[in-house]
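Engineer: Pasting a structure below so you can have a look.
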Amino acid sequence: MKTGIKILIGCLAFLLPVGVYTAVGASQKPVYSQSFLAELPEKYSRLVEATDQKKIVFAAASSLPFGLRSDIVESELPGYKSINMGLYVPLKTKATLDLVAKHVSKGDIVVFAPEPVSDLYTAELAKEPLLEATETNPLILKEYSESDYENFLAASFGFHWNRIVANAQGVTYTSTAPYNKASFNGYGEIKVATPYLTMTTGYDSSLLIDYSTSLLNPAFLTYIANIKTRVEQAGASFYYSFSPLDALAFKGSDDNVQAFEGAIKEKLGDCLLTGIKDTVYESGYFYDTNFHLNDTGKIKHSVTLVNALKAKLGITTPTATVVPDPSGPDPSPKPYDGETDNTYEPDFTYEDVRGKLFIATVKAEYRNAEYFLLPTSHEGTTVVGVEGEAFLECTKLRLLRIPRNITSLQADALKGCTALERVEIYNSDPNTIAPPTGGVVSLFGTKTPKAKIYVPKDALSVYKSHYFWNTYSDLLEGM
């Protein structure tokens with residue numbers, strides 16, 4: 000009996016603090032409500048409330064809010080309501096498709112078009128990102144299975160702690176447009192103008208895509224097959240498609256493409272809406288990643304999907320929407336207006352990359368330097384980026400200053416800088432300097448660099464919650 004009492008007291012001693020902590024965390028004011036992820040409750044509402052007519056539900060990640068025009072879909076297919084459920088890669092696939100499968104009915108269509116990245120080709124459920132996304136409507140979590148609740152509970156400790164700390168510091172997590180909640184329109188698509196290609200070289204060289212079948216793990220295919228079955232049992236149709244992909248980043252051979260599409264057909268049957276190459280578009284249609292489209296690209300991709308759906312539905316009416324030519328980069332970019340300092344300009348070699356000037360290498364005689372300030376210009380042309388492996392043999396470099404004229408750091412730009420302790424970036428707006436999207440290892444060549452990345456202190460929170468820079472958050476400091 001005494002042993003039982005001791006066990007009970009021990010359990011209470013553990014559970015009471017946990018309960019108090021959870022209650023305090025749950026009572027916190029929202030801190031993610033203006034973030035990019037915070038659009039999920041709005042997307043969920045559109046999904047569950049669309050019961051007055053048949054609907055086409057598009058599911059994937061951010062290539063959809065940056066790549067689909069639902070108004071075009073609805074004008075070309077007037078019998079359907081377009082529901083855009085795409086949001087953010089870290090949410091993964093299950094977070095979206097579990098919701099979609101529960102809320103389709105007879106005559107509906109589901110189009111699953113994931114970006115070719117491992118976070119989407121998985122059957123795992125996102126944990127903390129999903130808690131952040133549902134902060135303003137946690138009842139959405141009830142839509143998931145009981146087996147998922149243990150994962151939510153485990154993730155809730157870190158989630159609530161972040162909220163407690165953020166509220167204590169008066170911080171809310173958001174970012175600059177178009178990567179915040181205010182940037183979405185009523186369809187859950189980006190309403191902020193994205194008129195031009197902003198990637199300096201025309202594509203993100205840190206994320207090349209070959210569509211290797213290694214991406215298609217068995218657990219993922221089994222999960223998608225189960226979702227397809229559930230959708231079809233509800234009387235709806237399920238189609239598999241592919242995200243937009245910048246042609247400059249596409250490295251897939253014909254054999255790769257055939258094998259990838261064949262593996263999907265073998266597991267899921269004849270459900271391909273488009274082929275891989277149907278959604279590979281020229282670079283001028285893209286915006287800031289290999290998957291995000293600019294305003295002309297959104298029209299291009301929407302018409303591609305509309306025409307594919309019309310073919311499946313047996314609709315022979317011509318598509319009225321005219322596809323524009325790609326807009327490409329801004330023909331009149333703003334001049335650099337920051338500090339000018341070319342002290343170290345002779346220390347580097349330079350390379351023209353698609354009409355933009357990049358630092359290519361450090362000259363051999365300067366590779367033992369401990370400090371560099373990157374130059375503003377070379378022979379009268381503004382320097383805008385750093386090529387991969389530019390500092391490869393600079394093993395003594397400790398401090399690197401990056402002025403505001405630098406807008407692009409290519410994959411492996413700082414690889415080999417084993418002594419590097421401090422990288423200073425002077426851009427106040429994280430949208431104006433693009434890191435490799437592969438994260439820390441793709442910039443430094445290692446997951447555990449010694450270096451910290453210092454940014455203007457007033458912009459630190461914006462960098463940490465930025466769509467691309469957030470993967471570097473553990474290294475970011477204010478200065």
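Heads up, the sequence shown is in numbering that gives the first Met the number 0, so the first residue is 0 and it goes up one at a time. Backbone N, C-alpha and C fix where the C-beta goes; we use that ideal spot for every residue, glycine too.
Does the Cβ of N430 have 16 or more other Cβ atoms within 10 Å, making it buried, or fewer, making it exposed?
Structural biologist: With 16 or more other Cβ atoms within 10 Å, it is buried.
Engineer: Report all residues from its chain with a CB closer than 6 Å to the CB of L247; omit the five preceding and five following residues, and keep chain order.
Structural biologist: Closer than 6 Å at Cβ, skipping near neighbours: G201, Y202, S282.
Engineer: List in chain order: all unbroken beta strand (DSSP E) runs of 3+ residues lying wholly within the stretch 188-235.
Structural biologist: With a minimum length of 3 residues, no continuous beta strand (DSSP E) run stays inside the stretch 188-235.
Engineer: Can you give me the start and stop residues for the beta strand (DSSP E) that Y453 sits inside?
Structural biologist: That run of the beta strand (DSSP E) goes 451-454.
Engineer: Is it the case that the Cβ atoms of F65 and L419 are separated by a distance below 8 Å?
Structural biologist: No, the Cβ-Cβ distance between F65 and L419 is not below 8 Å.
Engineer: Which of the three DSSP states, helix, strand or coil, is assigned to E423?
Structural biologist: E423 falls in the strand class under three-state DSSP.
Engineer: Quick check: the Cα distance between T135 and S460, rounded to an integer number of angstroms?
Structural biologist: The straight-line gap from Cα to Cα measures roughly 21 Å.
Engineer: Of the residues F35, E75, K80, which one's Cα is nearest the Cα of K54?
Structural biologist: That would be K80, whose Cα lies nearest to the Cα of K54.
Engineer: How far does the alpha helix (DSSP H) with R162 in it reach, from first residue to last?
Structural biologist: Looking at the DSSP string, the run of the alpha helix (DSSP H) that includes R162 is 148-168.
Engineer: So who's on the other strand from P328, going by DSSP bridges?
Structural biologist: In DSSP, P328 forms a bridge with L196.
Engineer: Taking the alpha-carbon of V361 as reference, which of C393, D473, K463, I405 has the nearest alpha-carbon?
Structural biologist: Of C393, D473, K463, I405, the residue nearest in Cα terms is C393.
Engineer: According to DSSP, simplified to helix, strand and coil, what is N289?
Structural biologist: Coil, per DSSP.
Engineer: Distance, Cα to Cα, M478 vs L398?
Structural biologist: About 14 Å.
Engineer: Note the first and the last residue of the continuous alpha helix (DSSP H) segment covering N255.
Structural biologist: Note, N255: alpha helix (DSSP H), 253-267.
Engineer: How about L124 and K101: are their beta carbons less than 8 Å apart?
Structural biologist: No. Outside cutoff.
Engineer: Do the stretch 470-477 and the stretch 446-454 meet, that is, are 3 or more Cβ pairs less than 8 Å apart?
Structural biologist: With the cut-off at 8 Å, the stretch 470-477 and the stretch 446-454 touch.
Engineer: Answer yes or no: does any C-beta atom of chain B fall closer than 8 Å to that of E75?
Structural biologist: Going by chain labels, chain B is absent from the structure shown, which holds only one protein chain.
Engineer: Return helix, strand or coil for Y20, following the three-state DSSP convention.
Structural biologist: Note that Y20 scores 40 on pLDDT, short of 50, meaning its location in the model is unreliable and no value can be drawn from it.
Engineer: Have a look at H377, T295, F347 and flag the residue whose alpha-carbon is nearest the alpha-carbon of F371.
Structural biologist: When each option's Cα is compared against that of F371, the closest is F347.
Engineer: I'd like the list of long-range same chain contacts for G415, defined as Cβ closer than 8 Å, with 5 residues on each side in sequence excluded.
Structural biologist: Answer for G415: E388, F390, L391, E392, C393, T394, G444, listed in chain order.
Engineer: What residue range does the alpha helix (DSSP H) around T436 cover?
Structural biologist: Per DSSP, T436 belongs to no alpha helix (DSSP H) and is neither H nor E.
Engineer: Identify, in the order they occur along the chain, each residue of the same chain with its Cβ nearer than 6 Å to the Cβ of V279, setting aside the five sequence neighbours on each side.
Structural biologist: So the list reads L244, A246, F249, once near-sequence residues are dropped.
Engineer: For the beta strand (DSSP E) containing G384, name the first residue and the last one.
Structural biologist: That run of the beta strand (DSSP E) goes 380-385.
Engineer: Would you say the stretch 36-56 touches the stretch 180-194, given that touching needs at least three Cβ pairs under 8 Å?
Structural biologist: The stretch 36-56 vs the stretch 180-194: in contact.
Engineer: Give me the residue from R403, V352, G379 with the minimum Cα distance to L373.
Structural biologist: Nearest option by C-alpha distance: R403.
Engineer: So, under 8 Å CB-CB, L67 and E188 are touching, yes? Tell me the CB distance rounded to an integer number of Å.
Structural biologist: Going by Cβ atoms, the distance from L67 to E188 rounds to 6 Å, so yes, they are a contact pair.
Engineer: In three-state DSSP terms, what is Y87?
Structural biologist: Looking at Y87 - three-state DSSP - the assignment turns out to be coil, as it is neither helix nor strand.
Engineer: Could you have a look at K5 and say whether DSSP puts it in helix, strand or coil?
Structural biologist: Any answer about K5 is weak, because its pLDDT of 44 lies below 50 and its placement is not dependable; what the coordinates show is given next. K5: helix per DSSP, three-state reduction.
Engineer: Using beta-carbon positions only, say whether V422 and Y453 come within less than 8 Å of one another.
Structural biologist: For V422 and Y453, yes; Cβs fall inside 8 Å.
Engineer: Report buried or exposed for G313, applying the criterion of at least 16 other Cβ atoms within 10 angstroms of its Cβ.
Structural biologist: By the neighbour-count rule (16 or more Cβ atoms within 10 Å), G313 is not buried but exposed.
Engineer: Please state the DSSP three-state secondary structure of E364.
Structural biologist: Residue state, collapsed to three classes: helix.
Engineer: So S174 and S464 are supposed to be a Cβ contact under 8 Å. How far apart are they, rounded?
Structural biologist: About 5 Å separates the two Cβ atoms, so the contact holds.
Engineer: Quick one: grab the DSSP three-state call for A307.
Structural biologist: The answer is helix: DSSP assigns A307 an H, G or I state.
Engineer: Please report the distance separating the alpha-carbon of S205 from that of A233.
Structural biologist: Spanning the two alpha carbons is a distance of roughly 41 Å.
Engineer: In three-state DSSP terms, what is S482?
Structural biologist: Nothing can be reported for residue 482, as the shown portion of the chain is limited to 0 through 478.
Engineer: Based on the DSSP output, what are the partners of I298 in its beta bridges?
Structural biologist: For I298, which the question treats as bridged, DSSP gives no partner whatsoever.
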